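Participant: Numbering (my numbering), first residue to last: -11 to 381. Below are the structure tokens for one structure; questions will follow.
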Ligand code: SF4
Ligand code: SF4
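The following block contains the structure:
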């Protein structure tokens, strides 16, 4: 194996696999496709046999050819990076980190799906993952009932709201920043956006196996936040939040997901609330729940809203079923993404809730698209939208 990419611990962990198949059963991609080659077990086994190096030479095995690597690569990128395999593995193998390194190895070898290249190209050219015009990044502000004169772009502020590419540019997801901005205003929070100076956080490059290419984005974003004199950065996108937490250098900034920030705002009593009868269930986004271990803040927010009742999904918190929206899967295999979403929405409907609430724009898009296409009687909303709807203003 390529030792530059894998730590000694990772190389050793490959031999810890007992073949118990817990990761196969827990994998949403396998469950939705019925294809065992998408599982962690298959991937570990294939890669171990392909990389047995000295042992393979001694015993006369033949290394896999280019075709086999390309076919293997197709299975590696058809994964949502949900981390459920790592969560259930009784041998404690850090499977999700292995998948990230494996993607990087495949990119270094030149064996990856063509669409992966588009991510890097868009970011290099336009600084956002969709290749849109950066000038339009904060255009959603105009959708507010009363957009402020400064369009939320201040010279200095205590808090920076880092919006992220999907919520900035995708019409369905733009409802989240609109709602969050209105809630922050109602709570008299001194916040600013970065506007066109906000570049992609770099997370899509992590899933594309090209993390080193994110360096320029990271340095730029940090510089822009520091220039605002902010002490805290708030993210409604769990992937941006995790990217900053794990891959940005420590800069003395408090980093909060919006659900944590809203939890604090509600506890301080600064939000005027009205009664609103609604039964909801909560979907833990993979990057916020399993990855960042933020499970209780969103639930406290929901329970703090008068009249709103929370019913739990059969699989919740660290066991939450992925919605299909992660790992750049939508770009690589839209049909699989839709099938995973279908299984998720089935479980949501079984709770009898009127709405499913999440804390991630990609979960919102994935589940709402499935509900709309299949004409299902289900509201899909973000925690910020739920709080906005309960504001007494
Ligand atoms: S990260 Fe999720 S989708 Fe990918 S192999 Fe593991 S369980 Fe399956
Ligand atoms: S859950 Fe862990 S030990 Fe079991 S098959 Fe998967 S990788 Fe191997």
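Each residue gets a CB set at the ideal place from its N, CA and C atoms; glycine is no exception. Predicted, not measured: the structure shown is a model, and the values here were computed from it.
Would a C-beta distance cut-off of 8 Å place residue 243 and residue 188 closer than the cut-off?
Facilitator: Position 255 of the chain shown holds residue 243. Position 200 of the chain shown holds residue 188. No, these two residues do not count as a Cβ contact at 8 Å.
Participant: Starting from the N-terminal side, write out each stretch of the alpha helix (DSSP H) that is 4 residues or longer and does not extend beyond the stretch 100 to 184.
Facilitator: Segments of the alpha helix (DSSP H) lying fully in the stretch 100 to 184: 103 to 114, 153 to 157, 163 to 174.
Participant: Considering only DSSP beta bridges, list what residue 20 is partnered with.
Facilitator: Sequence index remark: in the chain shown, residue 20 carries index 32 (1-based). Residue 20 pairs with nothing; no bridge assigned.
Participant: Just tell me which of 208, 295, 80 has its CA closest to the CA of residue 11.
Facilitator: Position 23 of the chain shown, counting from 1, holds the residue named residue 11. Per the Cα distances, 80.
Participant: Less than 8 Å separating the beta-carbons of residue 354 and residue 299?
Facilitator: By one-based count along the chain shown, residue 354 stands at place 366. By one-based count along the chain shown, residue 299 stands at place 311. Against a cut-off of 8 Å, the Cβ pair of residue 299 and residue 354 comes out as no contact.
Participant: Quick check on residue 208: does DSSP put it in helix, strand or coil?
Facilitator: Counted from its first residue, the chain shown places residue 208 at position 220. The answer is helix: DSSP assigns residue 208 an H, G or I state.
Participant: Helix, strand or coil for residue 282? Go by DSSP, reduced to three states.
Facilitator: Counting from one through the chain shown, the residue named residue 282 turns up at place 294. Coil.
Participant: So is residue 248 buried or exposed if we call it buried at 16+ other beta carbons inside 10 Å?
Facilitator: Numbered from its first residue, the chain shown carries residue 248 at position 260. Buried, because 16 or more other Cβ atoms sit within 10 Å of the Cβ of residue 248.
Participant: Could you name the residues of the same chain whose beta carbon sits closer than 6 Å to that of residue 104, not counting the 5 residues immediately before and after it, in chain order?
Facilitator: Here the question's residue 104 lines up with position 116 in the chain shown. Counting only Cβ-Cβ distances below 6 Å, and skipping sequence neighbours, we find 196.
Participant: Given 8 Å as the limit, is there contact between the stretch 305 to 312 and the stretch 277 to 287, that is, 3 or more CB pairs closer than that?
Facilitator: With the cut-off at 8 Å, the stretch 305 to 312 and the stretch 277 to 287 touch.
Participant: Considering only C-alpha positions, which residue in the set 168, 357, 27 is nearest to residue 376?
Facilitator: Your numbering for residue 376 matches position 388 in the chain shown. For the residues 168, 357, 27, the minimum Cα distance to residue 376 belongs to 168.
Participant: Roughly how many angstroms lie between the CA atoms of residue 348 and residue 39, to the nearest whole one?
Facilitator: Position 360 of the chain shown, counted from the start, is the residue given in the question as residue 348. Position 51 of the chain shown, counted from the start, is the residue given in the question as residue 39. Looking at the two C-alpha atoms, the distance is approximately 37 Å.
Participant: For my contact list, residue 369 and residue 345 are in at a C-beta cut-off of 8 Å; report their separation, rounded to the angstrom.
Facilitator: On the chain shown, position 381 is the one that residue 369 refers to. On the chain shown, position 357 is the one that residue 345 refers to. With 8 Å as the limit, residue 369 and residue 345 qualify as a contact, their Cβ atoms being about 6 Å apart.
Participant: Among the candidates 282, 304, 270, 303, whose CA atom is the shortest distance from the CA of residue 291?
Facilitator: In the chain shown, counting from the first residue as 1, residue 291 sits at position 303. Considering only alpha carbons, the answer is 270.
Participant: Go through the stretch 227 to 288 residue by residue and report every complete run of the beta strand (DSSP E) that reaches 3 residues or more, in order.
Facilitator: For the stretch 227 to 288, whole beta strand (DSSP E) runs of length 3 or above, ordered along the chain, are 242 to 245, 266 to 270.
Participant: Does the distance between the C-beta of residue 68 and the nearest non-hydrogen atom of ligand 1 fall short of 7 Å?
Facilitator: Reading the chain shown from its first residue, position 80 is the one you call residue 68. It does: the Cβ of residue 68 is within 7 Å (strictly closer) of some heavy atom of ligand 1.
Participant: Just to check my reading of the structure: residue 17 and residue 328 have Cβ atoms closer than 8 Å, yes? What is that Cβ distance to the nearest angstrom?
Facilitator: Position 29 of the chain shown holds residue 17. Position 340 of the chain shown holds residue 328. Right, the Cβ-Cβ distance comes to about 7 Å (below 8 Å), so this counts as a contact.
Participant: DSSP has residue 409 in a bridge; who is on the other side?
Facilitator: For residue 409 there is no data in the structure shown, the boundaries of the chain being -11 and 381.
Participant: When the Cα atoms are used, what is the spatial distance from residue 263 to residue 336?
Facilitator: Sequence index remark: in the chain shown, residue 263 carries index 275 (1-based). Sequence index remark: in the chain shown, residue 336 carries index 348 (1-based). Going by the C-alpha atoms only, they are around 24 Å apart.
Participant: Taking 7 Å as the line, does the beta carbon of residue 6 fall inside it for any heavy atom of ligand 2?
Facilitator: Within the chain shown, numbered from 1, the residue matching residue 6 stands at position 18. Yes, ligand 2 has a heavy atom inside 7 Å of this Cβ.
Participant: Let me know the secondary structure DSSP gives residue 348 once reduced to three states.
Facilitator: The residue you call residue 348 lines up with position 360 of the chain shown. In this structure, residue 348 counts as coil in the three-state DSSP scheme.
Participant: DSSP on residue 93, reduced to helix/strand/coil?
Facilitator: The residue you call residue 93 lines up with position 105 of the chain shown. Helix at residue 93.
Participant: If we ignore side chains and look at the alpha-carbon of each, how far apart do residue 92 and residue 381 end up?
Facilitator: Position 104 of the chain shown, counted from the first residue, corresponds to residue 92. Position 393 of the chain shown, counted from the first residue, corresponds to residue 381. Residue 92 and residue 381: Cα-Cα distance of roughly 49 Å.
Participant: Using a Cβ-Cβ cut-off of 8 Å, state whether residue 188 counts as contacting chain D.
Facilitator: Absent here is chain D; the protein component of the structure consists of one chain.
Participant: Assuming residue 317 and residue 21 form a contact by the criterion Cβ under 8 Å, report the distance between their Cβ atoms to the nearest whole angstrom.
Facilitator: Within the chain shown, the letter at position 329 stands for residue 317. Within the chain shown, the letter at position 33 stands for residue 21. With a Cβ gap of about 11 Å, residue 317 and residue 21 do not count as contacting.
Participant: What are the boundary residues of the alpha helix (DSSP H) that includes residue 220?
Facilitator: Translated into positions along the chain shown, residue 220 becomes position 232. Careful: residue 220 lies outside any alpha helix (DSSP H), inside the beta strand (DSSP E) at 220 to 223.
Participant: When you measure from the CB of residue 78 to every non-hydrogen atom of ligand 2, does any distance come out below 7 Å?
Facilitator: Position 90 of the chain shown, counting from 1, holds the residue named residue 78. Yes, the Cβ of residue 78 comes within 7 Å of a heavy atom of ligand 2.
Participant: Restricting to Cα atoms, I'd like to know which of 331, 161, 213, 1 is closest to residue 77.
Facilitator: In the chain shown, the residue the question calls residue 77 occupies position 89. Comparing Cα positions, the closest option is 1.
Participant: Assign residue 83 to one of three DSSP states: helix, strand, or coil.
Facilitator: Residue mapping note: residue 83 aligns to position 95 of the chain shown, counting from 1. Note: residue 83 maps to helix in three-state DSSP.
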